[in-house]
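Chemist:
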Amino acid sequence: MLAVNLLPWRMQRRQRRRQQSFTLLGCTLLLTGFMVLALWWRGSGVLRQQQQALAEISQQHDALRQQLALQQSLLQQRDGLLQAQLIRQQQKDEHQRWQHFWQQLPTLLPDTLWLHRVERRQGILLLEGQAQSMLAVQHFRQQLLMQPLFARVKPGSVQRQGDGHYRFTLRARVRENVGE
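In the working numbering, the protein residues as written are 228 to 407.
1) Suppose contacts are defined by Cβ-Cβ distances below 8 Å. Is Leu336 in contact with Val345 by that definition?
2) Is there contact here, the stretch 315 to 324 with the stretch 347 to 365, by at least three beta-carbon pairs under 8 Å?
3) Excluding the five sequence neighbours on either side, which residues of its own chain have a C-beta within less than 6 Å of the C-beta of Glu407, listed in chain order?
4) Taking the beta carbon of Val273 as the centre, do at least 16 other beta carbons fall within 10 Å, making it buried, or is it exposed?
5) Rounded to whole angstroms, what's the CA-CA distance from Phe367 to Met361? Just pull it up for me.
6) Is Glu407 helix, strand or coil by DSSP?
7) To the nearest angstrom, report how far apart Ala311 and Leu342 are at their CA atoms.
8) DSSP three-state label for Leu353, please.
9) Glu346 bridges to which residues according to DSSP?
10) Go to Pro235, then tell me how far its beta strand (DSSP E) extends in each direction, as first and last residue.
11) Please go through the same chain and pick out, in chain order, the residues whose beta-carbon is closer than 8 Å to the beta-carbon of Thr339, but skip the five residues on each side of it.
12) Looking only at its own chain, which residues have a Cβ that is under 7 Å from the Cβ of Gln388, when we skip the five neighbours before and after it?
13) Quick check on Leu397: buried or exposed, where buried means 16 or more other Cβ atoms within 10 Å of its Cβ?
14) Helix, strand or coil: how does DSSP classify Gln388 here?
15) Indicate the three-state DSSP secondary structure (helix, strand or coil) for Arg402 in the structure shown.
16) What separation, rounded to the nearest whole angstrom, lies between the Cα atoms of Trp325 and Gly350?
Dropping the structure here:
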């Protein structure tokens with residue numbers, strides 16, 4: 228009988244299997260490493276893109292904030308200019324109303340009434356004069372009351388002079404915001 232030693236064959240087979248297992252394990256580890264590396268590379272690319280997008284958005288946000296500050300500054304300037312224009316227009320309108328009143332004043336005076344003094348101070352127009360009758364003073368007061376420039380007209384004092392004339396004082400309160 229022949230004796231066959233199968234041990235070296237089994238050892239070789241075991242070594243081949245072990246070698247195949249190590250090769251398979253190495254390939255698996257290598258493939259896993261490549262996959263991790265590829266995913267890391269892709270993730271870093273996405274992260275870089277997101278950082279760039281965030282930087283662009285931040286720049287746009289800063290630019291918009293600067294534009295908003297500039298716009299608010301311009302709006303404040305515009306409001307200031309509009310306010311100044313409104314004040315100038317009100318002054319112009321008031322000047323025109325007074326000019327119209329001064330031009331119209333001679334027609335408001337009765338023939339028997341004369342003015343000696345006209346003074347304007349702090350919203351009151353003080354009119355001092357002389358008239359031949361009380362009726363002329365009352366008529367002149369009524370004429371002043373009909374003017375849109377005055378809120379009210381009060382008689383200050385009326386004195387009868389020795390020559391029969393009346394010396395009078397009228398206080399006309401100027402109406403505020405006539406144009407409104």
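Backbone N, C-alpha and C define an ideal beta-carbon position, used for all residues, glycine too. Remember, it's a predicted structure, so these values are computed and weren't measured experimentally.
Modeler: With the given structure in hand:
1) For the purposes of this step, residue 336 is taken as the residue at position 109 of the sequence shown. For the purposes of this step, residue 345 is taken as the residue at position 118 of the sequence shown. The Cβ atoms of Leu336 and Val345 lie no closer than 8 Å to each other.
2) The answer is no - the stretch 347 to 365 does not touch the stretch 315 to 324, with fewer than three Cβ pairs under 8 Å.
3) Numbered from its first residue, the sequence shown carries residue 407 at position 180. Because the pLDDT of Glu407 is 46, which lies under 50, any placement of that residue in the model is unreliable, and the question is left without a value.
4) Locating residue 273 in the sequence shown gives position 46, where the first residue counts as 1. So Val273 counts as exposed.
5) The sequence position of residue 367 within the sequence shown is 140, counting from 1. The sequence position of residue 361 within the sequence shown is 134, counting from 1. When rounded, the distance between both Cα atoms is 10 Å.
6) Taking the sequence shown and counting its residues from 1, the one referred to as residue 407 is at position 180. Confidence at Glu407 is low in this model, with a pLDDT of 46, below 50, so its placement is unreliable and no value can be given for it.
7) Here residue 311 refers to the residue found at position 84 when the sequence shown is read from its first residue. Here residue 342 refers to the residue found at position 115 when the sequence shown is read from its first residue. So the two alpha carbons sit approximately 37 Å from each other.
8) The residue you call residue 353 lines up with position 126 of the sequence shown. Strand.
9) Position 119 of the sequence shown holds residue 346. Looking at the DSSP output, Glu346 bridges to Leu353.
10) Within the sequence shown, residue 235 is the residue found at index 8, counting from 1. Element bounds for Pro235: not the beta strand (DSSP E) but the alpha helix (DSSP H), 234 to 335.
11) Locating residue 339 in the sequence shown gives position 112, where the first residue counts as 1. Ala358, Gln359, Ser360, Ala363, listed in sequence order.
12) Within the sequence shown, numbered from 1, the residue matching residue 388 stands at position 161. Excluding positions up to five away in sequence, the list reads Arg394.
13) In the sequence shown, the residue the question calls residue 397 occupies position 170. In summary, Leu397 is buried, with 16 or more beta-carbon neighbours lying within 10 Å of its beta-carbon over all protein chains present.
14) The sequence position of residue 388 within the sequence shown is 161, counting from 1. Judged by DSSP in its simplified three-state form, Gln388 adopts coil rather than helix or strand.
15) For this step, residue 402 is matched to residue 175 along the sequence shown. Coil at Arg402, not helix or strand.
16) Position 98 of the sequence shown, counted from the start, is the residue given in the question as residue 325. Position 123 of the sequence shown, counted from the start, is the residue given in the question as residue 350. Distance between the alpha carbons of Trp325 and Gly350: 12 Å.
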